[in-house]
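In the UniProt record's numbering, the protein residues as written are 1 to 330. Don't be surprised by glycine CBs; every beta carbon is placed ideally from N, CA and C.
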Amino acid sequence: MRVLVTGGAGFIGSHYVRQVLSGQYPTLSEADVVVLDKLTYAGSEANLAPVADSPRLRFVRGDICDAVLTRELMHGTDLVVHFAAESHVDRSIAGSTDFVVTNVVGTQTLLQAALEAGVGRFVHVSTDEVYGSIEEGSWTEDHVLEPNSPYSASKAASDLLARSFHRTHGLPVCVTRCSNNYGPYQFPEKVIPLFVTNLLDGGQVPLYGDGLNVRDWLHVDDHCRGIQLVADGGRPGEVYNIGGGTELTNRELTERLLAAVGAGWDRVRPVEDRKGHDRRYSVDISKISTELGYRPQVDFDAGLADTVRWYSEHRSWWEPLKDRAALVER
Ligand code: NAD
């Protein structure tokens, strides 16, 4: 059994690789893992340090847009779990070329290589942001796609390419759409690690607009478990939402983070709202729950406390990354 994990040196991909190699998934307990990662500003081999000595791990630095390399790596691959992407909304507002190239062309390149190699299963990891913004209720998987940022538009395009490779060619692709992830090893440009590391450094945190945008929070551990359920038992051609079940406004999240480090509201700096800022995301997870038995297991307060503790104990991991994150503030 061989698994190709793209973006396996990023936040979620590296978590998945560490889980696979530590034997968390019975179906992959003896699988070899090939990580394909370009090591952009967001990727780091340090994220794989806990499993770097595993004889089952092979790391390949390369680009998912490289047709020759992807064809070579697909040969003999049973399962592809595709995480690699440009993933930060604010960067896509500042400039979207890399987003289209990696997220759209890169995904198409992988799908084509997987088709030619006849891989048994391809899981395309996507986002709830492809649905747009929802005032009330929750999205089911058949909801129309109305992405609002260049990031989410590029992910929606990649989802549709995945769908087309199933409908046209019969490639056994599943798409997962998750809500906002949190946990250790998240690059300190995303809101939770940005705020935590700023607070640990004695600084302020930038809160967008009125702070009332709502996000559903999903621990990376639960997300990866959901992905594996889909890899093991998802129906080819289907889309599965994966959520965490804790909806918070950004103000509420900020209050919890301030409390976690014993800081007050004076550490919050209101900033002009993000352009096109989606008001609320909310996924309906009935499908993956009913079909595959998914349920989030990590309690949000406990997960957040563990995450804050991890950042406080791993300064040597995030301090060098803060400079890399400085291109745009959040
Ligand atoms: P990340 O930015 O932490 O990691 C992305 C990884 O992809 C990095 O290691 C980077 O080096 C690699 N990469 C980028 N371009 C590449 C290329 N052209 N070729 C090869 N490797 C490349 O992202 P993440 O937060 O771990 O997200 C992983 C996936 O999950 C993405 O597809 C993202 O859209 C999706 N997602 C993330 C979240 C979240 O909350 N983080 C939410 C929903 C969906």
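Per DSSP, the bridge partner or partners of residue i
{"i": "Trp-217", "result": "Asn-180 and Thr-246"}
{"i": "Cys-174", "result": "Val-123"}
{"i": "Thr-208", "result": "A small correction: the amino acid at residue 208 is Tyr; Thr does not occupy that position in the sequence shown. Answer by DSSP bridge pairing, in chain order: Val-271."}
{"i": "Asn-241", "result": "Arg-177"}
{"i": "Phe-59", "result": "Val-35"}
{"i": "Val-5", "result": "Val-35 and Val-81"}
{"i": "Trp-317", "result": "Per DSSP, none; premise fails for Trp-317."}
{"i": "Arg-280", "result": "Val-214"}
Nearest candidate by alpha-carbon position, reference residue i, set the options
{"i": "Arg-269", "options": "Gly-276, Asn-250 and Arg-279", "result": "Asn-250"}
{"i": "Gln-19", "options": "Ile-227, Trp-318, Gly-234 and Asp-266", "result": "Ile-227"}
{"i": "Asp-201", "options": "Ala-42, Tyr-281, Thr-40 and His-314", "result": "His-314"}
{"i": "Glu-319", "options": "Ser-179, Cys-65, Phe-187 and Leu-218", "result": "Phe-187"}
{"i": "residue 388", "options": "Arg-215, Ala-326 and Gln-24", "result": "Missing from the structure shown is residue 388; the chain here goes from 1 to 330 and no further."}
{"i": "Gly-137", "options": "Arg-279, Arg-267, Val-68 and Leu-28", "result": "Arg-279"}
{"i": "Ala-325", "options": "Val-81, Gly-23, Asp-90 and Ser-54", "result": "Asp-90"}
{"i": "Leu-229", "options": "Val-271, Cys-178 and Tyr-294", "result": "Tyr-294"}
{"i": "Thr-6", "options": "Pro-55, Leu-69, Val-205 and Thr-27", "result": "Leu-69"}
{"i": "Glu-291", "options": "Arg-235, Gln-297, Asp-301 and Val-34", "result": "Arg-235"}
{"i": "Asp-266", "options": "Thr-307, Pro-206, Val-308 and Asp-299", "result": "Pro-206"}
{"i": "Val-3", "options": "Val-34, Val-100 and Ile-93", "result": "Val-34"}
{"i": "Gly-209", "options": "Arg-309, Val-271 and Ala-67", "result": "Val-271"}
{"i": "Ser-312", "options": "Tyr-281, Leu-199, Ser-179 and Phe-300", "result": "Leu-199"}
{"i": "Leu-28", "options": "Leu-212, Leu-57 and Leu-48", "result": "Leu-57"}
{"i": "Ala-67", "options": "Asp-222, Val-105, Pro-55 and Gln-24", "result": "Val-105"}
{"i": "Trp-139", "options": "Trp-317, Val-283, His-166 and Pro-296", "result": "Val-283"}
{"i": "Gly-203", "options": "Ala-49, Gly-264 and Asn-213", "result": "Gly-264"}
{"i": "His-82", "options": "Thr-97, Cys-65, Gly-95 and Ala-94", "result": "Cys-65"}
{"i": "Leu-48", "options": "Ser-22, Asp-63, Gly-62 and Ala-156", "result": "Ser-22"}
{"i": "Phe-300", "options": "Gln-108, Trp-317, Leu-253 and Lys-322", "result": "Leu-253"}
{"i": "Tyr-281", "options": "His-143, Gly-62 and Ser-92", "result": "His-143"}
Nearest-angstrom Cβ-Cβ length linking residue i and residue j, presumed shorter than 8 Å
{"i": "Thr-127", "j": "Ser-152", "result": "7 Å"}
{"i": "Ala-220", "j": "Asn-181", "result": "According to the sequence displayed, residue 220 carries Val and not Ala. So it is a contact: roughly 5 Å between Cβ atoms."}
{"i": "Ser-60", "j": "Val-17", "result": "According to the sequence as given, residue 60 is Val; it is not Ser. Not really, about 13 Å apart at Cβ, beyond 8 Å."}
{"i": "Ala-162", "j": "Leu-111", "result": "6 Å"}
{"i": "Asn-103", "j": "Ser-154", "result": "4 Å"}
{"i": "Gly-276", "j": "Asn-148", "result": "5 Å"}
{"i": "Phe-99", "j": "Pro-26", "result": "Actually they do not touch by this definition, with Cβ atoms about 36 Å apart."}
{"i": "Asp-37", "j": "Ala-84", "result": "7 Å"}
{"i": "Ser-179", "j": "Gly-244", "result": "6 Å"}
{"i": "His-15", "j": "Gly-183", "result": "7 Å"}
{"i": "Thr-246", "j": "Trp-217", "result": "5 Å"}
{"i": "Trp-317", "j": "Ala-46", "result": "6 Å"}
Residue i beta carbon near the ligand NAP (any heavy atom closer than 7 Å)
{"i": "Val-123", "result": "Absent from the structure shown: the ligand NAP. Ligands present: the ligand NAD."}
Exercise. Can we say the stretch 161–171 touches the stretch 114–122, given the rule of at least three CB pairs closer than 8 Å?
Worked result: Contact between the stretch 161–171 and the stretch 114–122 is present, with at least three C-beta pairs closer than 8 Å.
Exercise. So, do the stretch 284–296 and the stretch 236–244 have three or more beta carbon pairs nearer to each other than 8 Å?
Worked result: Segments in contact, yes.
Exercise. Counting Cβ pairs closer than 8 Å, one from the stretch 250–259 and one from the stretch 185–201, do we hit at least three?
Worked result: Segments in contact, yes.
Exercise. Is there contact between the stretch 41–55 and the stretch 3–12, where contact requires at least three CB pairs shorter than 8 Å?
Worked result: With a cut-off of 8 Å, the stretch 3–12 and the stretch 41–55 count as touching, because enough Cβ pairs lie within range.
Exercise. If you pair each beta-carbon of the stretch 105–116 with each one of the stretch 72–80, do three or more pairs fall below 8 Å?
Worked result: Yes, the stretch 105–116 touches the stretch 72–80.
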